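Structure first, commentary second.
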Amino acid sequence: MAALAETAAESPPLQRLVDHWLDSGALTHDALERGKRAAEASGERLDRALNKLGLVSDDAFVSGWAATSGLPVLTAWPAEPVSVPDLPARFLARAGLLPLGVEDGVLHLAILDPLDQFSLSACAAKTGLTVSPCLARPAELQARLSLIATAEPGAASEGKGLASDIDRLRDLASDAPAVRAVEMLVDRAVELGASDIHILPTVTGARVRVRVDGVLRDLPGWPKELALAVTSRLKVMAGLDIAETRLPQDGRVRLPHRGVEIDLRLATIAQLHGEGVVLRVLHRARATPDLSSLGLPGHVVAGLERIIAAPNGLVLVTGPTGSGKTTTLYATLQRLARPDRNIVTVEDPVEHALEGAAQVQVDRRIGFDFAVALRSVLRHDPDVVMIGEIRDAETASIALRAALTGHLVLATVHTNSALAAIPRLIDMGIEPWLVASTLRATMAQRLVRRLCPACRRPRAAEELALPAGLRCEAVHDAVGCPACEQTGYRGRVSIGEFAACTPRLAEAIARGADERGLAALIPDYRPLARDGFARIETGETSLAEIERVLGDNVAAEASS
1 MAALAETAAE SPPLQRLVDH WLDSGALTHD ALERGKRAAE ASGERLDRAL
51 NKLGLVSDDA FVSGWAATSG LPVLTAWPAE PVSVPDLPAR FLARAGLLPL
101 GVEDGVLHLA ILDPLDQFSL SACAAKTGLT VSPCLARPAE LQARLSLIAT
151 AEPGAASEGK GLASDIDRLR DLASDAPAVR AVEMLVDRAV ELGASDIHIL
201 PTVTGARVRV RVDGVLRDLP GWPKELALAV TSRLKVMAGL DIAETRLPQD
251 GRVRLPHRGV EIDLRLATIA QLHGEGVVLR VLHRARATPD LSSLGLPGHV
301 VAGLERIIAA PNGLVLVTGP TGSGKTTTLY ATLQRLARPD RNIVTVEDPV
351 EHALEGAAQV QVDRRIGFDF AVALRSVLRH DPDVVMIGEI RDAETASIAL
401 RAALTGHLVL ATVHTNSALA AIPRLIDMGI EPWLVASTLR ATMAQRLVRR
451 LCPACRRPRA AEELALPAGL RCEAVHDAVG CPACEQTGYR GRVSIGEFAA
501 CTPRLAEAIA RGADERGLAA LIPDYRPLAR DGFARIETGE TSLAEIERVL
551 GDNVAAEASS
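When you number the sequence shown by full-length UniProt numbering, it's gap-free, plus one each residue, and the end is 560.
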């Protein structure tokens, strides 16, 4: 066993691998020392010990071996498991190999260990085929190896009855392949900074995607048996009814991940080929950002800071789901927090822990919705109230009357622009005079992907067909490089618009003026599209990204 625990210095391939990880920042010297101690104690080889401890991610593991061994990295798994009769499942699991297909006398294999040439030679000798190996992420490979080693041929027959089917689902949920696949999926999503995970059932298995920087990205899919096992596993973890596959269900899962607590909001729904699952990824331990660090335009931050200095009134943050509204509200509450203020939030769910605030989570299953929670909260002597979302007339009425009676109320509402929030409240049945009396400001925001600074490419601004009066002197396009995983973008930046409620604007609101009429009363009103073009000119984002988020007519809107 001592030979298996050899240090990197005693093995040239491992030494090159460790040097690559250190140079690329995938491994720190402290983590390396910790991995060496664990490898010596367990008899595990150093690279495997580092990976199993989470000190080197699966991505860094395969990319490091690819860089030092010259082997390609597997990009897509076959839809169905590939069976090679001469290679039994027990041998494949022990050797860390998985057949991907046979083509023109070549056996394509996913491998775990590029130093294990003996197993590759054994496969070639046993099958009489030329072996072509490629590197697979350890968690993905192990999940599939466990599945083929433990799976029973065929599915449970209908004649065994419902009880047998439920027992089979529970068995699948507790099997090692499902456990490892869930761990791998969450690990990969967190590593990519994903906000959502989508598991879409297909005829042959499941399509797996994650939403990174607002855009869905494919991950390797799963065969049908593993997809069923993972869905069952997630439902068990969330405390859902594993036997109910026809009705939608919602639940929550809390997982520790490398010392950080991760919350997963789980929603299931019956689809054509099975039960679909979407997971919202929430980082409970993530620090609340400062208002000035959100990337919002300076005039929006300045206007918001000026408005929240008032002791009462209503401030609305608008935008679609995933536009950063809640993060902006938390950053605003962070500015307002002080010992002499009682801050209370009403949310679904509580997404961040805010020190010093009383945070209330609604639960519609027991009738504790936003309106009920808000009525109770107002009896707890709050100075500042944050409402996760105004979505109905009752919640809106309570919020506005709270603002009218001396509370500072911050809330979100789903509209496409800042000024559209005003007719939205009136459409809910709120009297225009009440909106005019309580509204202090409304803002809208979007998140656009930031161009990767390592590979963005400048182009001539005159190539853009812009409306008269709209200038944009510097333009960059997305290209793609290893640093941004070939997407051309890294991270996101906020664009925003802001409208303070002046006496003139309040008078127009009370008269029932529409959105266009309200905008005409704000001489310096800067819509989202115009701020988007400002970000194009500074090289922060691209025209294609602004059009993706705001629509193809963004140039016309910016010039209006």
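Each residue gets a CB set at the ideal place from its N, CA and C atoms; glycine is no exception.
Note that the coordinates shown come from a computational prediction; the quantities given were computed from them, not determined experimentally.
Item	Value
Beta strand (DSSP E) containing C134: first to last residue?	130-135
Can you give, in chain order, each stretch of the beta strand (DSSP E) that sits fully within the segment 342-410 and has at least 3 residues?	343-347, 358-361, 384-387
State the start and end residues of the unbroken alpha helix (DSSP H) segment that holds G303.	298-307
The ligand ATP and P99: does the residue's C-beta get closer than 8 Å to at least one heavy atom of that ligand?	As presented, the structure is devoid of all ligands, the ligand ATP included, so that no description of it is given.
In or out: F61 buried (at least 16 other Cβ within 10 Å) or exposed?	buried
I'd like the list of long-range same chain contacts for H283, defined as Cβ closer than 7 Å, with 5 residues on each side in sequence excluded.	V260, I262
Cβ atoms of A331 and D383: under 9 Å apart, would you say?	no
Could you tell me the alpha carbon to alpha carbon distance between R280 and R265, rounded to whole angstroms?	5 Å
Is it true that the segment 486-503 meets the segment 430-450, where meeting means three or more beta-carbon pairs spaced less than 8 Å apart?	yes
Please classify H29: is it buried, with 16 or more other beta-carbons within 10 angstroms of its beta-carbon, or exposed?	exposed
I need the DSSP call for R457, collapsed to helix, strand or coil.	strand
Within its chain, find whatever has a CB closer than 7 Å to the CB of I398; leave out the 5 residues flanking it on each side and keep chain order.	A371, L374, R375
In whole angstroms, what is the alpha-carbon distance linking R338 and G356?	8 Å
Closest to H476 by C-alpha separation, out of A529, P423, E537, I522, would be which residue?	E537
Answer with buried or exposed for G221, where buried requires no fewer than 16 other C-beta atoms within 10 angstroms of its C-beta.	buried
Can you tell me which of the three DSSP states L451 falls into?	strand
Do L228 and V186 have their C-beta atoms within less than 9 Å of each other?	no
Taking Cβ to Cβ, would you say V317 is nearer than 9 Å to K325?	yes
On the CB-based measure, 16 or more other CB atoms within 10 Å of its CB, does G295 come out buried or exposed?	buried
Just to confirm, are A206 and L226 a CB contact at a threshold of 9 Å?	yes
Is S494 helix, strand or coil when you go by DSSP?	strand
Any idea if L181 is buried or exposed, counting beta-carbon neighbours within 10 angstroms, 16 or more meaning buried?	First, the residue type needs correcting, since residue 181 is Ala and not Leu in the sequence shown. A181 should be labelled buried.
Near K160, what residues of its chain come up, given a Cβ to Cβ distance below 6 Å and the 5 sequence neighbours on each side ignored?	Model confidence at K160 stands at a pLDDT of 45, short of 50, so the residue's coordinates are unreliable; what they give is reported in the following sentence. Closer than 6 Å at the Cβ level, and outside the excluded window around K160, lies no residue.
Please specify which runs of the beta strand (DSSP E), each continuous and at least 3 residues long, are wholly inside the segment 99-133, giving them in chain order.	106-111
Could you confirm whether any beta carbon from chain D is found closer than 9 Å to the beta carbon of R530?	Judged by its chain identifiers, the structure shown contains no chain D, having just a single protein chain.
Is Q142 helix, strand or coil by DSSP?	helix
When DSSP builds the beta bridges, which residues end up paired with I199?	V208, V277
Assuming L135 contacts W65 under a Cβ cut-off of 8 Å, what Cβ separation, rounded to an integer in Å, is found between them?	5 Å
Identify, in the order they occur along the chain, each residue of the same chain with its Cβ nearer than 7 Å to the Cβ of S119, setting aside the five sequence neighbours on each side.	A95, L97
Please go through the same chain and pick out, in chain order, the residues whose beta-carbon is closer than 6 Å to the beta-carbon of C481, but skip the five residues on each side of it.	A454, C455
Out of curiosity, what's the CA-to-CA distance linking L141 and E485?	21 Å
Between R137 and D58, how many whole angstroms is the CB-CB distance? I'm expecting something under 8 Å.	4 Å
Spatial neighbours of I509 within its chain, please: CB distance less than 8 Å, with the 5 preceding and 5 following residues excluded, ordered by chain position.	I422, P432, V435, A436, L439, C501, L518
I need the DSSP call for Q15, collapsed to helix, strand or coil.	helix
Could you spell out the range, first to last residue, of the beta strand (DSSP E) harbouring V315?	313-318
Exposed or buried, what is Q271 when buried is set at 16 or more other beta-carbons lying within 10 Å of its beta-carbon?	exposed
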